[in-house]
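A.B. asks: Sharing a structure here in structure tokens format.
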Amino acid sequence: MNNPAELVVPRVQAAIATAFGEEFRQADPVVRPSQFADIQINAAMALAKKAGLPPRDAAAKIVEALNLDGICTSVEISGPGFINLSFDGTWIEELLNAESVQAASKATAVTPAATPQRVVVDYSSPNVAKEMHVGHLRTTVVGDSLVKVLEALGDTVIRQNHIGDWGTPFGMLIEHWLEIGEDSPEAALLVEDPSAFYQAARAKFDASATDEDGFATRARLRVVALQGGDTETFAVWQRLVAQSKRYFNAIYSALGISLTDDHIAGESSYDAHLAQLCQELEERGLARISDGALCTFPAGFTGRDGEPLPLIIRKSDGGYGYGTTDLATIRYRVRDLAANRILYVVGAPQNVHLRMVMTTARDAGWLPDTVQAVHVQIGNVLGEDGKILKSRSGAPVKLMALLEEAVDRARAVIDASRPELSEDERAVTARQVGIGAVKYADLSTGHETEYVFDFDRMLALSGNTGPYVQYAAARIRSILRKAGVLEQVTGGDGGTPAGTQATGIAAAGEGGPATAIAVVEPAERALALHLLEFDATLNKVRDALEPHRLCGYLFELAQLFTTFYDQCPVLKAEESVRDSRLALCALALRRLSGGLELLGIETPENM
22 MNNPAELVVP RVQAAIATAF GEEFRQADPV VRPSQFADIQ INAAMALAKK
72 AGLPPRDAAA KIVEALNLDG ICTSVEISGP GFINLSFDGT WIEELLNAES
122 VQAASKATAV TPAATPQRVV VDYSSPNVAK EMHVGHLRTT VVGDSLVKVL
172 EALGDTVIRQ NHIGDWGTPF GMLIEHWLEI GEDSPEAALL VEDPSAFYQA
222 ARAKFDASAT DEDGFATRAR LRVVALQGGD TETFAVWQRL VAQSKRYFNA
272 IYSALGISLT DDHIAGESSY DAHLAQLCQE LEERGLARIS DGALCTFPAG
322 FTGRDGEPLP LIIRKSDGGY GYGTTDLATI RYRVRDLAAN RILYVVGAPQ
372 NVHLRMVMTT ARDAGWLPDT VQAVHVQIGN VLGEDGKILK SRSGAPVKLM
422 ALLEEAVDRA RAVIDASRPE LSEDERAVTA RQVGIGAVKY ADLSTGHETE
472 YVFDFDRMLA LSGNTGPYVQ YAAARIRSIL RKAGVLEQVT GGDGGTPAGT
522 QATGIAAAGE GGPATAIAVV EPAERALALH LLEFDATLNK VRDALEPHRL
572 CGYLFELAQL FTTFYDQCPV LKAEESVRDS RLALCALALR RLSGGLELLG
622 IETPENM
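Per the numbering used here, the very first residue in the sequence shown carries number 22; after that it's consecutive.
Right, dumping it as structure tokens:
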């Protein structure tokens, strides 16, 4: 941990304990940015009330006990009792060079969290034989970024892709598959256009709803056969799931998502345990029959009529629903996966349902107080009309089509602006920029907030966008390339900065005659202080489960680097200054690329 503000906190707390008594040692120092110094300590206001002192007197007592030798050059009281701290430049340089050593080992290298946890993250969760649409984009992208950040901070992360692969619709889908034949063109739609396959089966089902011997009747019987373990039916079900996995993986590959088949834990995984789960809830007096269905009535949930809201765990026809499966899931994740923390990256409309599930699980003893279960609510993606984004036909926008359009739009810009690049280079860059723009637009918005999907804004080279941050990284690469040191920073492959064999501009202690970073000019200082906030930012993402905090950090980093480069010549500076600034550029590149990597976004070689 090299963040100056966090390093100062224990010293401020020790001063508060000296000034006001040991019982105040854990008081919040209330660290805030300051327009007059590097940071501001605002604890005196709250402490003054408890001590019966004027706030400035309380601040004076803290300052008198404060030992910041070698850390701050100025400690001043301002206003009603604010304590302004200005850091010593030499101390900043020491912290920055230590940060550079750490970052040189790996772009995403960070200080591990003090208390690593075992975290289960439930995200993406598409349905078998159905198209992934734009609504799946956010659960997939936000979930994948969270697991990357948690892993970088030392948590043991278990990805869970809770796909919809069980239930009554599969009788219809299996019967349709058997009728058309596995080798028919229609069967290939499961990979190429799942919605078309599903709609064809649904049309048959609806058209024969009143036919006693028709498709609908056979589909219902097929559900019974599937749930009863019929060999032929089960084998077809397995092929349906396998085909859908191919489709899911094509989407994940296009998006650069880390989910694999090994992470799939679909609804079918829990089917054998549902009857016993219902029995256990009945025996504990938590479930009872209501209108023919077995339900729990967790405290605190009521409907519009003021009556207790039921969580149906066994339907009146004997079938099971989402509530049953979700209870089995939460029990499995605590008992078998030994989770300390369970994250559900799921749409905001599911909030009441998930809270009812969590409450029932706690009442049943399956979710102890020592385990945190969190609904990471995902807001809707809207069209320009402010309504949920749909195609002109009114159907949900297909995710693959949206991604392809993003890449095509990025390619058009790159073809026009960088015609000197080879065909392969332009194709790679277009994919990195197009996909990165979509993901960044999603991640830079608070995950619970709705946002308008706008290609023009997403692909803009100005503002808080993916291309703006990517361009800043590409610009630094260009600087290092011109200086002849890019390979030293990137490990020779031009990819995510590694720096493990770097010399010349290597961080101090990183082999060879290293160049230490000097912090002299105001723009250097501002950039340096922000670079030192990387670890703290990631810990905020981990605690609050908000990837947009990392986006905000990277956007500000890109802005500060632009100011630094405009005000502090790099390539034309005298040699010692040049080498120091190149080392600062290298650290900025490592943090930009490393941060983008944690968002699941690639850094283009050229833009």
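All C-beta atoms, glycine included, are put in the ideal place defined by N, C-alpha and C.
Look up TYR492 in the DSSP assignment and say whether it is helix, strand or coil.
C.D. replies: TYR492: helix per DSSP, three-state reduction.
A.B. asks: Which same chain residues, not among the five before or five after GLU446, have their C-beta less than 7 Å away from its C-beta?
C.D. replies: ASN627, listed in sequence order.
A.B. asks: Would you report the Cα separation of GLN181 and GLN248, rounded to the nearest angstrom?
C.D. replies: Approximately 23 Å between the Cα atoms of the pair.
A.B. asks: Cutting at 7 Å between CB atoms, please list the residues of its own chain near SER99, excluding the five before and the five after it.
C.D. replies: Hits under 7 Å: PHE57 and ASN105.
A.B. asks: Report the partner residues of SER499 according to the DSSP bridge assignment.
C.D. replies: Note: SER499 sits in no beta bridge, so no partner.
A.B. asks: Is the separation between the beta-carbon of MET479 and that of VAL449 shorter than 9 Å?
C.D. replies: For MET479 and VAL449, no; Cβs fall outside 9 Å.
A.B. asks: Determine, using beta carbons only, whether PRO25 and ILE113 come nearer to each other than 9 Å.
C.D. replies: The answer is yes: Cβ separation under 9 Å.
A.B. asks: Using DSSP with H/G/I as helix, E/B as strand and the rest coil, what is ASN560?
C.D. replies: DSSP places ASN560 in helix when its eight states are reduced to three.
A.B. asks: Report the CB separation of ASN118 from ALA557 in whole angstroms; it is logged as a contact under 8 Å.
C.D. replies: That pair is no contact at about 18 Å.
A.B. asks: Counting along the chain, where does the beta strand (DSSP E) carrying GLY306 start and finish?
C.D. replies: No beta strand (DSSP E) contains GLY306, which DSSP labels as neither H nor E.
A.B. asks: Check TYR219 in the structure and name its three-state DSSP category.
C.D. replies: Helix.
A.B. asks: Quick one: complete beta strand (DSSP E) runs, 3+ long, within the region 67-139?
C.D. replies: Whole beta strand (DSSP E) segments, 3+ residues: 93-99 and 103-108.
A.B. asks: Which residue spans inside the region 25-75 form an unbroken beta strand (DSSP E) run of at least 3?
C.D. replies: Correct list: 52-54 and 60-62.
A.B. asks: Do we get a CB-CB distance below 9 Å when we pair VAL84 with the residues of chain C?
C.D. replies: Protein chain content of the structure displayed is limited to a single chain, and chain C is not contained in it.
A.B. asks: Output the boundary residues of the alpha helix (DSSP H) element that contains ALA437.
C.D. replies: Element bounds for ALA437: 420-438.
A.B. asks: By the DSSP assignment, the alpha helix (DSSP H) with GLN580 in it spans what residues?
C.D. replies: Residues 569-588.
A.B. asks: Tell me the start and end of each unbroken alpha helix (DSSP H) in the region 191-254 that is at least 4 residues and wholly inside, in chain order.
C.D. replies: Taking only runs of at least 4 residues, the alpha helix (DSSP H) segments lying wholly in the region 191-254 are 206-213, 215-228 and 236-248.
A.B. asks: Check this for me: beta carbons of ALA125 and ARG611, under 9 Å apart or not?
C.D. replies: Contact: yes.
A.B. asks: Which term fits SER121, buried or exposed, when burial requires 16 or more other beta carbons within 10 angstroms of its beta carbon?
C.D. replies: Classification of SER121: buried, given that the 10 Å Cβ count is 16 or more.
A.B. asks: Assuming the contact rule is C-beta atoms closer than 8 Å, LEU280 and SER145 should be a hit. Round their C-beta distance to whole Å, please.
C.D. replies: Right, the Cβ-Cβ distance comes to about 6 Å (below 8 Å), so this counts as a contact.
A.B. asks: Excluding the 5 residues flanking ILE622 on each side, which residues of the same chain have their C-beta closer than 7 Å to its C-beta?
C.D. replies: If we look at ILE622 and ignore the five residues flanking it on each side, its Cβ neighbours are GLY457, LYS460, TYR461 and GLY487.
A.B. asks: Bridge partners of THR177, per DSSP?
C.D. replies: DSSP lists ARG139 as partners of THR177.
A.B. asks: Between which two residues does the beta strand (DSSP E) holding HIS294 run?
C.D. replies: Looking at the DSSP string, HIS294 is not in any beta strand (DSSP E), and its letter there is neither H nor E.
A.B. asks: Taking just the CA atoms, how far does GLN398 sit from HIS183?
C.D. replies: Answer to the nearest angstrom: the Cα atoms are 16 Å apart.
A.B. asks: Output the distance between the C-alpha atoms of ALA48 and GLU595, rounded to the nearest integer angstrom.
C.D. replies: Cα to Cα, the separation comes out at about 48 Å.
A.B. asks: Work out the CA separation of TRP187 and ASN148 for me, nearest whole Å.
C.D. replies: For ASN148 and TRP187, the distance between alpha carbons rounds to 9 Å.
A.B. asks: Mapping the DSSP letters down to three states, classify PRO370 as helix, strand or coil.
C.D. replies: PRO370 falls in the helix class under three-state DSSP.
A.B. asks: Do HIS468 and GLY404 have their C-beta atoms closer together than 9 Å?
C.D. replies: No, they are not a contact pair.
A.B. asks: Should ARG267 go down as buried or exposed, given a rule of 16 or more other Cβ atoms within 10 Å for buried?
C.D. replies: Classification for ARG267: exposed.
A.B. asks: Using the rule of at least 16 other Cβ atoms within 10 Å of the residue's Cβ for burial, across every protein chain shown, is THR470 buried or exposed?
C.D. replies: With fewer than 16 Cβ atoms within 10 Å of its Cβ, THR470 is classed as exposed.
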